[in-house]
Amino acid sequence: MKIQSMRDLVSRIYYTYGLFCASHPFATIVSVSITVIVTCYPLSNLPLTGNTPIEHRTSKVDFAIPSVEEPKAPRWFVREPAAYVQQVVLKTSISPWRHQHMMPSDAFRAPLASVFTILDQLDMFKTTIEFNKDADIILKVYKKYGPVVESPPTTKDLFFGVPWSESGISRYYIRNRQRVITFAVTIIMKKYDARFTEGLRKWMEDHHIETAHNVNNSEVEDIVHFHFKDTNYIIEYTPLLVTYLLLLLYLYFSVSKIDMVKSKIGLAFSAVVTVVASLMMSVSICTLFGMTPTLNGGEIFPYLVVIIGVENVLVITKSVVSTPVHLDVKIRVAQGLSREGWYITKNLFTELAIMFIGFFTFVPAIQEFCAFALVGVLSDYYLQMAFFATVLSVDIRRMELSDLARQSVQQAVQQEDNDTFCTIEPMVRCPFVTSSNPSMGRSTLGSHQRHSSADFSTYSLQQSVPSASACHGRGNSRYGSTAPKYEMPRRIKVFYFIAKFRLVQKFIMVCTVIWIILFMYKAGLVDKFTGDQELPETWNRLPGGQPLHFEAGSVASVDGPRSEDEGVGTSSPHPRGSFMDDEPQAGLVEHTDLELWRKLSPMHWPRLLRCYNISLTGRYISILPVIHLSDIIDPLVAIEMRHPIDKATMAAKPAFTHHTSYNGDSKIAENGSQKQHHYYHDKFNKYYPKSRHEFVVTVILCILSVIVITYFMTMLYRCMCSRNYSKWRHSWARSGRRRSRGYFKQIKESVPLVLSGHTQNIECLIGENGLIISCCLGGHLKIWDSNSGQCINTISRKRPIPPSRRRPCLGRNVEDSDADLYAEFHGGGLGSRSSSDSSLHESHRQESGVSGDGKGDGVRIRKGRYPSPSSYPDLAAMWRAGGKQKMHKSSSRQSLELSNLDFSTSINTEFSSLQPCDQTSSEAGYEFQRWFEDVDEIPSNADNSFASNNMNDSTLLSTSSAERSRSWSIGEPSGLDMSVTEEELGDPSTNVWCLASLHGQVVTGCAAAAVVIVVVVVVAVVVVVAALVVVGGAAAIVVVVVRIVAARLDGSLDFLEMETFQSPVTIRPPSSPPSGRQQRGHSRNFSTGSTESWDEVLRCAGAFTVRAHQLPINAVQCAGGRIVTASKDHTLKVFRLDNSLCLYTLHGHEGSVTALFLDQVAPYAAVSGSMDGSVRLWDLLTGTCVHKFKWHDASVVTLMASPLYIASIGLDNKMCVYERTKSMLLHTIALESDCTGSATLLSRNLVVTGGLSSISLWDIPRGSLLRKVVFSDSEHQSFPNHVVPVANNGVVCDQGQELKVVFFPTILEKAE
Amino acid sequence: MIISWELGRKRASDTQMISAMKGTMSRGLVLFSIGVFLALVLNLLQVQRQVTVFPPEVLASLFSSAWWVPPSCGTAAAIIGLLYPCLDKQLGEELRYKREWSSVMRCVAVFVGINHASAKIDFANNIQLSVSLAAMSIGLWWLFDRSRSGFGLGVGIAVLATFVTQLLVYNDVYRYTEPDFLFVRSWLPCVFFSGGVTMGNIGRQLATYDSDGSCEARRKRE
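First to last, the sequence lines map onto chains A and B. Under this note's numbering, think of the first position of the first sequence as 52, with each following residue one higher. Under this note's numbering, think of the first position of the second sequence as 2, with each following residue one higher.
So this is what it looks like as structure tokens:
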């Protein structure tokens, strides 16, 4: 369809244009402003609006005053006019002109004096004496007699009666030349007598002999009448006011429809400016084309505005702001424009057509109005597109994200027709690189597609949370955190703006440029280039002569270098035969325009007559044909009339006679040294160009100098003041010599702090917040202060309380059904068993039974169906004995009691039910026995840094998630045990396999059964609530805010959620006996010895257990809401933290995945290393393998990744450093042989590895060893199993039973 | 329960009617005042033509002669403004063309402009004047109100007004200072037509407010 294709074409054109104007907003706005100003320049010449007098002509012959209104005459042409105006125009000059004898003021004085002869002739006596005494007549002419700012006609206009440009008088007269002076004597008569005026004319013509040659005064036959309208203000202005009021209301209602923009007022203002500027442009363009506006501009202006209207502007605004907010501003503007392009163009042509029709009314006023409106519509369209669209784009760009967020809600409602449009490609790509700063993340969403709604989920990934380390002790590294938004006050923004764009420097540059231009101009370069031309003006014809040189007399007040060559003129007077000296050139004083008064200002006559207290409003005047006279004045007369001062100054000159011969001196060209100087009047400034040539040369020189200076300034600016200055300067240094700086940085090491206190070898080590938490084989947790090396706290966990000892919690689990509780309360948990009982359970239940532990509590102990606790007593017994015992199904209560529950912790948990596991729905059969077989073997491996690696493939443990556990409490508080007793040595009950910490809580994953949460308070004491959780040993622990993810040996993942409740305090008396069980309220933990008492109840709730792998999990890490597990089955799995859904399974490794590291910030990559020595880089967002490297020959033991580098350590004693941005392997560093591969990333570029009784600090980018710290004071040498960063620049590593803390501070050293 | 409900409904309808009446009254008042104001202002425009001849007495004559012109214009405006929405409702054409205050303002401005043109421009002859004015009036109607009912009503008003004026002048109730009554007759119908359209526009705009208001009130009560 033709229309459709045209519409598409129009849309595409608008789209392209929209892209263009939004990409270069400032350039567009500046160019539009320049256009408007240039176009409106002719307006300055227009008289201000006022009522022009109405004209009417009648013939002079038989002129009679109309007594009755004639049919053809206008209404006002009745009765007598207010005045008859008779002008006598005299045009005089001094001839012949010899400027070596004359001065500039001579040109004026004599001609002006001839007015008095006329006045004399008119029988009016005026004193001529004062005139002769006046030294500076021109100034007096120009003097203001009225208000300071006079609009034309000014007093001088009134005096002279002719348009000022015709009078020949100029204010600054420098050049000594002949001038033609014209002025008029105006006679106001009350009555008209034709004979009188005729006689006057004849008589004056006779007295001015030159008149006959120069003018024919009888040509004009008409009397012209002018009518001045009366202005009654009320009547005149009330409708006008009403019209303007309506206009204002219209504008107000229109712009109040604008919304969804950053600044309504700004846009409203620019809309009004658009319309007003377009009208001004239209008026001035019309004036330029010769149309004189007879309509009163102020009256028709509101109508023009109303007709042009601001609708288009609103349409554009609405269309642009209803585009999707996430797009780039350019594309929004382009889309908005293209959508409405067809409508706008249609509107434009409709309006043009309507205006055109108005032309056919053939009423001049309407035609003029239509002409204005036509041009106005066109210029309004131009301004809308160029100016308003650009302003809109600037405004939208300024909108902040908060506004956008508000708008995105509204967007969702307005998406109807967005998707119907296909992709639009711009017609032309802009050749200039866009200068606008790329918006943050929004522009990346596809270039020209239309999107319905942004999906912000990809951008809203959680920010980093320090991930707990696996048992290798990776440190916490915060790679990014959302900084709080800081709203700067506006004045600071202004300062930043000025600084950023270097406005002050640019301003100084501009001033310097202008100064240099002025300097050069003054220096006379211009003069040098100016030719030696004479003015091409009318010369008197001299008898074949060229003017002589003007000897530089004492009169010349030449100002320095500004000497002009007024030398020989190029004008060659062509000899025309022999002339008389005094014969003037014909035409010098010829009157060419016989109705010169037409060029006068319309207000001339009213003002003139007002000076005589005659008011012309409402009346008319008649202007009679003007009597023109011409006169030539003899130079002698002029010289005679000189003022005495002038006479004195010119005394040195030779006297003027008519008979001096003036032989042209043709040797002027040869005597270049003889310069002719001009006569300078002191007052005159030198900015006055003397000839057109000079003017042109000046202009060209200016432009050239501006260009050159601007270029140099720009280069200088770019070098000195640009933002790349530092880079530029450094490029100097790089290219050549190295500049010595004053200071340089160095990394030093500190003497290692020794932290001793453990009795057994240290098993796990983590550092957090300046604290070091270490756990030894004996299960003692020690908390150290890294700065001082003191042990703050020791927590020895011996064993958890057997389940039968546990008390039911105060707040019961909500999922306990009433019936069950009832049953329990009334004894016998037998009735409340789930369907999936195993024989094991039953037996346990029977044995443990209702413990009926009513030791004064009166509370029931509910028996849990939990296998592990129920089997606990066996454990206790077994461990007590310290030997391997098979677990039996029976439990004895005695063994329970024997077990001295010497707890330092009171454990309260409510363990709410588990959700059924979706992976395996195995029955709750639980091979507990076999599991505990393995447990015995665990303590024997003292040196298992990679406990999980060396773990045997334990049995399959099924999750017991099918059952719901009752809520029961664990344990009772007992005193704090600060001592370590011997008998607990080697007690494997509390083997801590892994540690994780977060915010003062330490979560330990133990072999035995639990994940224990320990709350550590730095300053004081106490602590702890340990939570027992689940079954089975946790091989690796990750703590994320409130969640704990524990990876178990069997390949399952447990997701636990910690809830902390504050409950009112019961302050325990500090004198509680440390030993012995005390029966107390169970839902409290106590804090002894601390001043602050708070009660927290930590609950672990909502655990999911997910069967991630069937083989043991080697590593677990968390980043960005994702949990990644690496397991022996050659895969990694990515889970979501909140709902434990498995997102991806990353295949690719060909060996057991032994090392894992996650990026905490974008690009959210995971690095994993496997046993076959290969390292893979995965992208967590998509779940694909990005890179694969084969760096090692043996299995990869440690992986560390910073945003720039990846470092991997393998069992082949090599450390490989890989640069991520360049994707290349930087270095391969050989480490000490047989290292265990313990290493950590200290900062972005530093890695600390552990060696034989030493640690080494490496600089990764350079691949060099910076520092090596040898522990010389240890009795036996061993490799540190863990190297953990602590504080900012220190590491702690374990050496046997001791910890060594080494700091690596960076110091500024002064250069020698 | 049912009885009380019925009574409630009746009372609701009563109050509804009262509120409707109130709305109409207020609208009528607004239209009346606008009509008076516009009549005065436009009279000033017309008077300007005569100023040149009789300068001093104009103001006095303005207010003394024909004192009843502005109020009658006002009542006419009120009637027209109320008539248009009623007609809309009767005919069922709910016109949604440019129902905004900005376009109403524009319409009034163009109407004043037409009057201004008729007052200030010196036409060569009367036919030209009437043709131009007619064109402008029809343009006004087309720009701001494209309904046939509006057109018809406007034409009716023009005819009626001219007729009435003719009657008045023939019965010497109103004397024109203008000697040329034909001249006046050429611009009178056009001015009344456009005036009718303008007032109708204003009335419609006010009526939308009123109907919205009553809808709200009804909903609130229920």
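Where a beta carbon is used, it is the ideal one built from N, C-alpha and C, also for glycine.
Could you check what DSSP says for residue i in three-state terms: helix, strand or coil?
| i | result |
| --- | --- |
| HIS1327 (chain A) | coil |
| ASP310 (chain A) | coil |
| ALA118 (chain B) | helix |
| HIS278 (chain A) | strand |
| THR233 (chain A) | strand |
| VAL61 (chain A) | helix |
| SER333 (chain A) | helix |
| GLU721 (chain A) | Its pLDDT being 35, under 50, GLU721 (chain A) is placed unreliably by the model, and the measurement read from it follows with that caveat. In this structure, GLU721 (chain A) counts as coil in the three-state DSSP scheme. |
| ASP40 (chain B) | Correcting the residue type first, residue 40 (chain B) is Ala in the shown sequence and not Asp. Note: ALA40 (chain B) maps to helix in three-state DSSP. |
| SER1122 (chain A) | For SER1122 (chain A), the predicted structure reports a pLDDT of 44, less than 50, and the residue's modelled location is therefore unreliable. The matter cannot be settled from this model. |
| CYS72 (chain A) | helix |
| CYS1193 (chain A) | strand |
| HIS107 (chain A) | strand |
| TRP1229 (chain A) | strand |
| VAL109 (chain B) | helix |
For my contact list, residue i and residue j are in at a C-beta cut-off of 8 angstroms; report their separation, rounded to the angstrom.
| i | j | result |
| --- | --- | --- |
| SER444 (chain A) | PRO76 (chain A) | 6 angstroms |
| ALA385 (chain A) | LEU70 (chain A) | 4 angstroms |
| GLY212 (chain A) | THR237 (chain A) | 5 angstroms |
So with CB distances below 8 angstroms, who are the chain B contacts of residue i?
| i | result |
| --- | --- |
| GLY360 (chain A) | ARG107 |
| ILE417 (chain A) | ALA118, ILE122 and SER133 |
Run through chain A and tell me which residues come within less than 9 angstroms of residue i, C-beta to C-beta.
| i | result |
| --- | --- |
| GLY114 (chain B) | THR294, ILE351, PRO353, TYR354, VAL357 and ILE358 |
Would you mind telling me which residues of chain B sit closer than 7 angstroms to residue i, beta carbon to beta carbon, in chain order?
| i | result |
| --- | --- |
| LEU300 (chain A) | MET106 |
| VAL414 (chain A) | ILE122, PHE124, GLN129 and SER133 |
| LEU297 (chain A) | MET106, VAL109, ALA110 and VAL113 |
Could you give the first and the last residue of the continuous beta strand (DSSP E) run that contains residue i?
| i | result |
| --- | --- |
| GLN137 (chain A) | 134–145 |
| ALA844 (chain A) | According to the sequence shown, residue 844 (chain A) is Asn rather than Ala. Counting along the chain, the beta strand (DSSP E) containing ASN844 (chain A) begins and ends at 842–847. |
| ASP1345 (chain A) | 1341–1346 |
| GLU1270 (chain A) | 1265–1270 |
| LEU687 (chain A) | LEU687 (chain A) -> not in any beta strand (DSSP E); alpha helix (DSSP H) instead, spanning 686–691. |
Following the continuous alpha helix (DSSP H) through residue i, name the residue where it begins and the one where it ends.
| i | result |
| --- | --- |
| VAL426 (chain A) | 415–434 |
| ILE543 (chain A) | 541–551 |
Give the residues of chain A in contact with residue i, contact being defined as C-beta atoms less than 8 angstroms apart.
| i | result |
| --- | --- |
| GLN91 (chain B) | The premise fails here: GLN91 (chain B) is roughly 29 angstroms from chain A at the closest Cβ pair, so nothing lies under 8 angstroms. |
Residue i touches chain A at which residues, Cβ-Cβ below 7 angstroms?
| i | result |
| --- | --- |
| TRP102 (chain B) | PHE304 |
| VAL42 (chain B) | THR289, PRO290 and VAL293 |
| LEU45 (chain B) | ILE286, THR289 and PRO290 |
Next item on the list: Determine, using beta-carbon pairs with one atom in the region 360–368 of chain A and one in the region 315–331 of chain A, whether at least three such pairs fall under 8 angstroms.
Entry: yes
Notebook entry, point to check: So does the region 142–157 of chain A actually touch the region 689–701 of chain A, counting three or more Cβ pairs closer than 8 angstroms?
Noted result: yes
Check: Counting Cβ pairs closer than 8 angstroms, one from the region 14–30 of chain B and one from the region 191–202 of chain B, do we hit at least three?
Finding: no
Next item on the list: Would you check if there are 3 or more beta carbon pairs closer than 8 angstroms linking the region 69–79 of chain B to the region 258–265 of chain A?
Entry: no
Checklist line | Given 8 angstroms, three or more beta-carbon pairs between the region 1253–1262 of chain A and the region 1288–1307 of chain A | finding: yes
Notebook entry, point to check: When the Cβ atoms of the region 797–809 of chain A are set against those of the region 766–774 of chain A, are three or more pairs found closer than 8 angstroms?
Noted result: no
Check: If you pair each beta-carbon of the region 99–107 of chain B with each one of the region 160–175 of chain B, do three or more pairs fall below 8 angstroms?
Finding: no
Check: Is the region 1300–1318 of chain A touching the region 1334–1343 of chain A, taking contact as three or more C-beta pairs under 8 angstroms?
Finding: yes
Check: Okay, do the region 401–417 of chain A and the region 125–138 of chain B touch, 3+ Cβ pairs below 8 angstroms being the bar?
Finding: yes
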